[in-house]
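Numbering (our numbering), first residue to last: 1229 to 1434.
Glycine residues also receive a C-beta, built at the ideal position from the N, C-alpha and C atoms.
Quantities reported herein were computed from a predicted structural model and do not represent experimental measurements.
For reference, the structure is listed below as structure tokens.
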């Protein structure tokens, strides 16, 4: 009899545990997705998204069914809070802001080397690409390359934060004259251009 009485509690504890785990996975995915995509590439990243969000969806579905059977609301409340965080909390913006501020001085050091001619285009198939030295490779996602866009004597520089396929990319742009990047720059189709600091912009081409 005692085992039968404890069965709903055991099921609730298991469901509560699954709700916590799935919520943690979703939040970690939101925080570290730009680092993860660097490892998995844009082609495999959708598979991880399917696993993480698919697991969360299954747990939500079971939590809803459990309410109908008289179980407590804690699991679905946890899932609800997670959904609100994903929708309204600016994970991407905060991660990018931290990246920009923490690495700004190193990126400016790269800019000075480009302006002095210490760093020049060195990728054989593209005369606008520079493969950064290993020390600075982490400053530009998708392989540690930056793009140089010449305009007269001045050169704008793009550091990738995401490097997809063709014109699907985002990144930090250094503009020597503090001129807002346009769609003529870097062969992009910018849907997002945001000024971050003097001479620095964030761009997104999707």
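Shortest Cα-Cα distance from residue 1264 to any of 1390, 1416 and 1427 involves 1390. Sequence-distant partners of residue 1288 (beyond 5 residues in either direction) whose C-beta falls short of 6 Å from its own C-beta, in its chain, are 1307.
A straight line joining the alpha-carbon of residue 1271 with that of residue 1329 spans about 29 Å.
Around the beta carbon of residue 1380, a 10 Å sphere encloses fewer than 16 other beta carbons of the protein chains shown; the residue is thus reported as exposed.
Around the beta-carbon of residue 1420, fewer than 16 other beta-carbon atoms lie within 10 Å, marking it exposed. Here the alpha carbons of residue 1395 and residue 1378 stand approximately 18 Å from one another. Around the Cβ of residue 1252, a 10 Å sphere holds fewer than 16 other Cβ atoms; the residue is exposed. When DSSP states are grouped into helix, strand and coil, residue 1302 belongs to the helix group. Across the set 1366, 1256 and 1275, the C-alpha of 1256 shows the shortest separation from the C-alpha of residue 1314. Pairing residue 1311 with residue 1304 gives a Cβ-Cβ distance that is not under 8 Å.
With fewer than 16 other Cβ atoms inside 10 Å of its own Cβ, residue 1422 counts as exposed. If you check the CB distance, residue 1404 and residue 1376 do not come in under 8 Å. Remark: C-beta atoms of residue 1426 and residue 1406 approach each other more closely than 8 Å. It is roughly 18 Å from the alpha-carbon of residue 1340 to the alpha-carbon of residue 1388.
Bridge partners of residue 1384 according to DSSP: 1377. Non-local beta-carbon contacts of residue 1411 in its own chain, meaning distances under 8 Å to residues more than five positions away in sequence, involve 1417 and 1418 in chain order.
For residue 1433, the uninterrupted beta strand (DSSP E) run begins and ends at 1428 to 1433, by DSSP. In the structure shown, residue 1411 falls within a coil segment according to DSSP collapsed to helix, strand and coil.
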